[in-house]
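J.: End of the sequence shown = 347 in the working numbering, gap-free, step of one. A virtual CB, placed ideally from N, CA and C, is assigned to each residue, including glycine. Bear in mind the structure is a predicted one, so any value in this text is a computation, not a measurement. Have a look at this one.
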Amino acid sequence: MKNIFEVYPKKYDAWYDRNKLAYLSEIEAFKIVIPKEGRGLEIGVGTGRFASALGIQMGIDPSHDMIEIARQRGVNVCWGLGEDLPFLDNAFDYAVIIVTLSFVDNPLGVIKEAWRVLENSGKLIIGIIDRNSFLGEFYRTKKSVFYQEANLLTVKELTALLKTAGFSSFSYYQTIFRLPSKIDSIEKPQRGFGKGGFVVVSAGKII
């Protein structure tokens, strides 16, 4: 990930406090597809907001400052890059990537590494801000210290990358139907994509 997260780790983390209902809405979408059991990994764990809330045991991130915050939240974290994961083949039952793909130079490389470290029946779960959504448009035009460097993906682009890496059995859930600052209650996720600004894509490693 680009070093903007090394520069502003606390500013990044504070977004979730200011927009708590948006954050909790995203958590609800992930809960639908994340396995209840098994060894999980979050690639690009950041400050551990999602891993700690979703019970994901292991995280990896290239930002030392973010790793320290994640550890304070009780997440087992190590330093590393998504394109070169320091784990054995077939080490995890599921892996989660949340927004991270928009900030890496090689999204397909990260997805291929996720494939490698997953069990043969493992699941990869990815959350993105859909570039084609109202929220994607908002972040592209807003002068955000983070999203001015982001390369937002569409759901179709992400699905194509997943297929190239060998994943199949896709499911889609969407949430964030208003700007995060306007949300006044936790939103219920909906199947599919095209309305919500945040989309969770689940794919299976089926051999």
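Using three-state DSSP, classify Ile238 as helix, strand or coil.
T.: Here Ile238 sits in strand by DSSP.
J.: Hey, out of Val250, Ala254, Ala154, whose CA is closest to Asn230's CA?
T.: Out of Val250, Ala254, Ala154, Ala254 has the C-alpha closest to the C-alpha of Asn230.
J.: Applying the 10 Å Cβ sphere with the 16-neighbour rule, what's the burial state of Ser309?
T.: Looking at its Cβ environment, which holds fewer than 16 other Cβ atoms inside 10 Å, Ser309 is exposed.
J.: So, for Leu301: in the same chain, excluding its five sequence neighbours on each side, which residues have a beta-carbon less than 7 Å away from its beta-carbon?
T.: Correct list, in chain order: Pro247, Leu248, Ile251.
J.: Would you check if the distance between the CB atom of Ile346 and the CB atom of Ser261 is smaller than 8 Å?
T.: For Ile346 and Ser261, yes; Cβs fall inside 8 Å.
J.: Taking only the alpha-carbon atoms, compute the straight-line gap between Arg171 and Ile265 and give it to the nearest angstrom.
T.: A small correction: the amino acid at residue 171 is Lys; Arg does not occupy that position in the sequence shown. So the alpha carbons of these two residues sit roughly 11 Å apart.
J.: Could you tell me the alpha carbon to alpha carbon distance between Gly222 and Gln314, rounded to whole angstroms?
T.: Rounded to the nearest angstrom, the two C-alpha atoms are 24 Å apart.
J.: If you compare alpha carbons, which of Leu161, Thr187, Lys335, Glu259 is closest to Leu228?
T.: The shortest C-alpha separation from Leu228 is found at Glu259.
J.: Quick one: using the 10 Å Cβ neighbour count with 16 as the cut-off for buried, is Gly184 buried or exposed?
T.: By the neighbour-count rule (16 or more Cβ atoms within 10 Å), Gly184 is buried.
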